[in-house]
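Positions in the sequence shown are counted from 1; adding 1241 to them yields this note's numbering.
Heads up, the thing below is written out as structure tokens.
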Amino acid sequence: MVSEDRSSPVVCVNLWYDVGSRHEPAGQTGFAHLFEHLMFEGSVHVTKTEHMRLVQGNGGSLNATTNPDRTNYFETMPSEHLELALWLEADRMGGLVPALTQETLDNQREVVKNERRQRYENVPYGDAWLRLLELLYPPGHPYHHATIGSMEDLNAASLDTFKAFHQQYYAPNNCVLTVAGDAGKDEVFALAAKYFGALAPVAGIPPAPSSHLAGPAKTPARETVTAAVPAPRIYLSHRTHPFGTAGYDAITVLATILGNGRGSRLYQRLADGKRIAQPDYIGSYGVDLAHAPAPLIITATAKDGVDVAELEEGLAEVVASLVTEPVTEEELSRAKALLTTAWWRSLSTVGGRADTLGRYATQFGDPATVAYRLPQWLAVTADDVTTAAAYALKPESRVTLTYLPEGEE
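Take a look at the structure:
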């Protein structure tokens, strides 16, 4: 799809592949994320590291990301190099496997292991997301494991297994191509046909395993971790509604009221009021997962001398207040203003616009549905927030993850 914008001579090419960690079968966790790395390591007509050199050498920037629902790749370039960007993407979609060697695979496996150490294992609280997923979603559920995957799975898989994974999911009929910026529809469609048109669709792409869950959990779960962390920290989390539903729109507004900034209930009552939480490490946010009830995460870090039990009690009181104390008009207006600003900021760049359109096309089948998101947030009422809190934030559905510094009980 094309979002034409002639205001500056810049264009973004963005590809959303409908493959993320939720698609990975048992024994292949971490595959989707590893391909995020492998896709920059050369293809049939592009040598190792040449993709980055060609984009950056022509004034562009590039990156890729993986989450449970998808993998995406994107370049922002001067518009005169649109054709180069499309050629590069087509070459690695259709030509990665013939160029993939054992040496490249082994090298990128080591890169991923180092990423796991740097991002998750050797950073205070770094493995919280990995632990929360395992507590929130039952074993075997597609969201139970994180995108970084299992190092054992990555080590055990052969080169042929990785090649088969790419051939199964990296296909034109499993990808949404979006171009935003200084390019017209006719030009983009002609170039897309030129470079992607000869790539054959893949028949029988397997769907992700079933991710159905009947809403919030029925029993609480708790884990306490003693680690090299500077202060006690608590994460409370609940399964809520899938991203894109009216229920999740209410959760998005709720999360903003509860934990976004100095005007939020958490900040006002625990950082400013009781002064038991560190002001810079308190908040709440939803993780926008579309294929099962998505998590709301609430977190606070204790100030010096504050007992972790007191902090947990304070968090629970503020969360419960969303049911017992109706949201005020001031709180609701503030939340909607923050969400409106964030929404328009995300669409203010060609990269943000391309990514958002690609998301809605991939996850909801129609990029035009992007037009409904902000109006749906703005339509949320105070009663909707109370209803969402009463449904999703029950103590019996809560996951509690507590970090304690080494030497503390």
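Glycine included, each C-beta is placed from N, C-alpha and C at the ideal position.
Please read these numbers as outputs of a predicted model, since none were measured by experiment.
Neighbourhood of R1350 by C-beta, 6 Å cutoff - its chain only, sequence neighbours within 5 removed: L1395
Rounding to the nearest angstrom, what Cα-Cα distance links A1468 and E1649 in this structure? 10 Å
Nearest-angstrom Cβ-Cβ length linking P1442 and N1414, presumed shorter than 8 Å: 4 Å
Coil, strand or helix - N1255 by DSSP: strand
For E1282, count neighbouring Cβ atoms within 10 angstroms of its own Cβ and tell me buried if that reaches 16, exposed if not. buried
Could you say which of Y1632, E1330 and H1278 lies nearest to L1440 if we only look at CA atoms? E1330
In the structure shown, what three-state DSSP assignment does D1347 receive? helix
Segment contact, 8 Å Cβ cut-off, at least three pairs: the segment 1538-1550 with the segment 1586-1602: Because the criterion of three Cβ pairs below 8 Å is not met, the segment 1538-1550 and the segment 1586-1602 do not touch.
Entirely within the segment 1395-1479 and at least 3 residues each: give me those beta strand (DSSP E) ranges in chain order. Scanning the segment 1395-1479 for uninterrupted beta strand (DSSP E) segments of 3 residues or longer gives 1416-1422 and 1462-1468, listed from N- to C-terminal end.
In terms of residues, what are the limits of the beta strand (DSSP E) holding A1518? A1518 to G1527
Going by alpha carbons, who is nearest to D1490 out of A1369, K1459, G1504 and L1580? Among A1369, K1459, G1504 and L1580, the Cα nearest to that of D1490 belongs to L1580.
Local conformation of Y1489 per DSSP, three classes: helix
According to DSSP, P1536 sits in a beta bridge with which residue or residues? Answer is R1480, bridged to P1536.
Could you compute how far the alpha carbon of L1256 sits from the alpha carbon of P1450? 23 Å
Looking only at its chain, what residues have a beta carbon closer than 8 Å to the beta carbon of H1278, apart from the 5 residues adjacent to it on each side? Q1349, V1352 and V1353
Proximity of M1334 and A1305 at Cβ, strictly below 8 Å: Against a cut-off of 8 Å, the Cβ pair of A1305 and M1334 comes out as no contact.
For T1460 and L1552, the rounded distance between their alpha carbons: 22 Å
Are the segment 1426-1434 and the segment 1284-1292 touching by the rule of at least three beta carbon pairs closer than 8 Å? no
Exposed unless 16 or more other CB atoms sit within 10 angstroms - verdict on V1285: exposed
Scan the segment 1254-1307 and note each continuous beta strand (DSSP E) run of 3 residues or more that stays entirely inside, going in chain order. 1302-1307
Contact between the segment 1571-1585 and the segment 1526-1543 is defined here as three or more beta-carbon pairs at a separation below 8 Å; is this criterion met? no
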